[in-house]
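For the sequence shown, the residue numbers in this note's numbering are 1 to 819.
Here is the structure we will look at.
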Amino acid sequence: MVIRGKKPSCSELFLLCLFLGPLLEAWAGKIQYAVPEETDKAFFVGNIAKDLGLQPQELTERRVRIVSRGRMQLFALNPRSGSLVTAGRIDREELCAQSVPCLVNFNILVEDKMKLYPIEVEIMDINDNTPQFQLEEVEFKMNEITTPGTRIPLPFGQDLDVGMNSLQSYQLSSSPHFSLDVQQGADGSRHPEMVLQSPLDREEEAVHHLLLTASDGGSPVRSGTLRIHVQVVDANDNPPAFTQAQYHMSVPENVPLGTLLLTVKATDPDEGANGEVTYSFHNIDHKIAQIFQLDSYTGEISSKESLDFEEYKIYPMEIQAQDGAGLMARAKVLVKVLDINDNAPEVTMTSVTTAIPENFPPGAVIALINVHDQDSGENGDIICSIPENLPFKLEKSVDNYHRLVTTRALDREQFSSYNITVTAKDGGKPSLSTDAYIMLQVADINDNPPMFPHMSYSAYIPENNPRGASIISVVAHDPDNDDNAHITYSLTEDTLQGAPLSSYISINSDTGILYALRSFDYEQFQDLQLWLTASDSGNPPLSSNVSLSIFVLDQNDNAPEILYPTLPTDGSTGVELAPRSAEPGYLVTKVVAVDRDSGQNAWLSYRLLKASEPGLFAVGLHTGEVRTARALLDRDALKQSLVVAVQDHGQPPLSATVTLTVAIADNIPDVLADLGSVRTPADPEDSDLTLYLVVAVAAVSCVFLAFVIVLLALRLRRWHSTRLLQASGGGLVDLPASHFVGVDGVRAFLQTYSQEVSVRADSRESHVIFPQPNYADTLISQESCEKNDFLSPPQSLLEDKGEEISQVNSLHSILMRYS
């Protein structure tokens, strides 16, 4: 009867593909190779460049390399051929022991893309190990009454090879009393046993010599031998017996050395030597035999070396108990090692970047980190972390790899470097952790212009400064680094009074110190307004500007300048007139002076420096007015000479002097006569001078008489015209004229003095009358002085007075020359 299988439905096939898809994808993602062990160095394993889809020369260009957790590199890359080769001799037994298959896993890193490719290489076994027994010979004792069919377990051979190259068969040398029987264990191992075929007779043969040969299945076949000595003793009919067929116990791997782990117990009901039981290890791995110690008389098993869960999770042992007559019993001992958290996680920096520019985009990979813990379970579960206040994060990659990536843009001016601590912490109790450190430098880019600490600057420099004098130091700061922070200073191009600003001021491009290229004059300009530029040396360069005001401080470098009285251009000395009837305090004249300096340097004070008649005149300290200090006496000379000093308040003070000549008389003829009679006894040429003066006075008198007649006629004519105008209802406005003085923009108060001349016809004698002065102080500007007409009377009045004014001016000129 044939049973036909049910055809799977479409939904079942879909589910099968859904489950098998990820498994097939994971299997297909690995690149697998196979290589026999014990090959020479540089043995070809596979064409890795082809399997990665690269050309051989790209292995170097893209920085392809092998990354593995092991301390020793088993394989290497040949960049010329693009192949994967062995880095040296590979011993499969040393690498994998009895594990089948023997697989070596590592990763290929394409560094320019930070991409990993898992590689799996199977190490193929060759028959390079001979089967061996732990002992070269073994001795057994058998009672002569031992019944045929008794089995004696024999030591089994060990072959480090696997598969067909491992131990395959045993062969016992021929003997009429013994045969060999090989038992197959549950794990596939072969256990040789020697079977007694016929009874023994000690008297016939006391010792039997046998040879056990263990052979593997390699080509050629390798074999090892064990010499067996069977000593026939008298009858001992009770073999030892263990209390348990198998002993189990669990101990932590950190158990102290010498700790008693367990005690095996075997009893023998025989008496005497036949009942004395001794214990020994049987069929135990030589590494395990070095870790444990068995007391041959008590059966106590203790540790003599440290246990390691990472090497053996279970230590299997076989204990043999033998009595004095040679009868034996065996029991199995299994020591289970409990894992403790005794291994801290291992952190390996597979690839790391030590410096990145500050404009690195978020998500950039900084490092590729591998973590591993030799413990198992929770003790081997690893959690990686970094401090939370950093602009980085860890991302899980393939296997036990993590990527350290940036989470935001970096700013070198805020943090120029980062000391990143990567902490790998396992899940054990207590937990163990390992720290790894990454020092990351942030490279600078030119993203900050130089900045001045102030919005504007002010500097002061006294005038008349020496050339090259430093004015101010202006320093800008740039938080960038190296060339991006190297600042140069410059002045913005501008002009001052038609000349380039660079001809007045220069700046040190490196230090920011400003220097004066010429001596400044406060009277020329009082301040300079300019802009400074600070530029860095980045690419492209960045700059910023700041305003600078330089104020020139006044120094007392200008002496007072006397505006009135002015010295005549013909070399004569001006004469001021004062009547003899002048009361004390009579204003004779006023000295007007200005100072081109400013402030305290321009504050002027007046004082009488010298006088021909001390105590007769006084000068106002701040006004410069020359007044009589007392009434004039007949004994006072007609001609008084005064020296008035004008001094400013600078340090040191500067001064100027003016000499005034004051004529004392009630009328012009008296003035002329008195001035002519003034003699200086000490002058030998006075007689000649008197003659000249008499002639001059006579001429002046004649001219003056003619002037008076003409003036009288003009006045009568004007009076007549005025009467006619009044009769017709008309009138003119009489506007007084003022004298204005302005020098270089300095405004000064000047005083105008009015003098009237009257002529008496009956006496035919002309008199000059000096009434109280009529003066007016007027402040004008230089611009007003430049106008052609100001406060001008009507044109008709000017025409009537023209001749009179001309004649008065002629008289004043004559007096000035005479004096």
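For glycine and all other residues, C-beta sits at the position ideal for the given N, C-alpha and C.
Treat the numbers as computed from the prediction; the structure is a model and nothing was measured.
Using 8 Å for Cβ pairs, my map puts residue i next to residue j. What's the rounded Cβ distance?
| i | j | result |
| --- | --- | --- |
| Ser605 | Leu621 | 5 Å |
| Ile123 | Arg92 | 5 Å |
| Arg607 | Val592 | Going by Cβ atoms, the distance from Arg607 to Val592 rounds to 15 Å, so no, they are not a contact pair. |
| Asp159 | Pro131 | 4 Å |
| Gly326 | Val233 | 6 Å |
| Leu200 | Glu144 | 5 Å |
| Gly428 | Glu388 | About 24 Å separates the two Cβ atoms, so there is no contact after all. |
Tell me whether the beta-carbon of residue i lies closer than 8 Å to the beta-carbon of residue j.
| i | j | result |
| --- | --- | --- |
| Arg62 | Leu77 | no |
| Gln640 | Leu616 | yes |
| Pro177 | Leu154 | Contrary to the premise, residue 177 reads as His rather than Pro in this sequence. No, the Cβ-Cβ distance between His177 and Leu154 is not below 8 Å. |
| Glu413 | Pro479 | yes |
| Asp375 | Asp411 | no |
| Leu261 | Ala344 | no |
| Asp268 | Val277 | yes |
| Ser544 | Met451 | yes |
| Pro36 | Ile126 | yes |
| Arg173 | Asp216 | A small fix is needed here, since residue 173 is Ser in this sequence, not Arg. Not in contact: Ser173 and Asp216 (Cβ atoms no closer than 8 Å). |
| Ala665 | Arg580 | yes |
| Thr492 | Trp531 | yes |
| Val45 | Phe106 | no |
| Gln526 | Val546 | no |
Among residues of its own chain, excluding the 5 on either side of residue i, which ones have a beta-carbon nearer than 6 Å to its beta-carbon?
| i | result |
| --- | --- |
| Leu528 | Ile550 |
| Gln600 | His649 |
| Met523 | The sequence shown places Glu at residue 523, rather than the Met named in the question. The answer, listed in chain order, is Arg596. |
| Asp483 | Ser537 |
| Gly380 | Asp373 |
| Gln171 | Thr213 |
| Met328 | Gln320, Gln322 |
| Val110 | Arg62, Val64 |
| Lys425 | Ile383, Ser431, Ser433 |
| Ile823 | Since the first residue shown for the chain is 1 and the last is 819, residue 823 is missing from the structure and cannot be characterised. |
| Ile831 | For residue 831 there is no data in the structure shown, the boundaries of the chain being 1 and 819. |
| Gly324 | Ala273, Asn274, Glu276 |
| Cys96 | Cys102 |
For residue i, name the three-state secondary structure that DSSP assigns.
| i | result |
| --- | --- |
| Ile291 | helix |
| Thr423 | strand |
| Thr533 | strand |
| Arg717 | helix |
| Ala355 | strand |
| Asp482 | helix |
| Gly217 | coil |
| Asn379 | helix |
| Thr130 | coil |
| Lys30 | coil |
| Arg821 | The displayed coordinates of the chain run from 1 to 819. Any statement about residue 821 would go beyond what the structure contains. |
| Lys639 | strand |
| Glu765 | Confidence in Glu765 is poor, its pLDDT being 38 and thus under 50, which makes the residue's placement unreliable; the coordinate value appears in the next sentence. Reduced to three states, the DSSP call for Glu765 is strand. |
| Lys41 | coil |
| Gly599 | helix |
| His286 | helix |
| Lys304 | coil |
| Asp51 | helix |
| Met72 | coil |
| Ala696 | helix |
| Ala516 | strand |
| Gly163 | helix |
| Phe707 | helix |
| Glu523 | coil |
| Thr243 | coil |
| Arg222 | coil |
Keeping to the same chain, check which residues put their C-beta closer than 7 Å to that of residue i; ignore five residues upstream and five downstream.
| i | result |
| --- | --- |
| Gly88 | Lys41 |
| Gly363 | Val405, Thr406 |
| Asn419 | Tyr437, Met439 |
Please list, in chain order, all residues of the same chain as residue i whose beta carbon is under 8 Å from its beta carbon, the five residues on each side excluded.
| i | result |
| --- | --- |
| Gln55 | Ala49, Gly82 |
| Ala469 | Ile461, Tyr515, Ala516 |
| Arg630 | Pro584, Gly615, Leu616 |
| Tyr33 | Val45, Gly46, Leu84, Ile119, Glu120, Val121, Glu122 |
Three or more C-beta pairs under 8 Å: does that hold for the stretch 147-162 against the stretch 188-204? Yes: at least three Cβ pairs fall under 8 Å.
Segment contact flag, the stretch 225-240 with the stretch 201-215, C-beta cutoff 8 Å, min 3 pairs: Yes, the stretch 225-240 touches the stretch 201-215.
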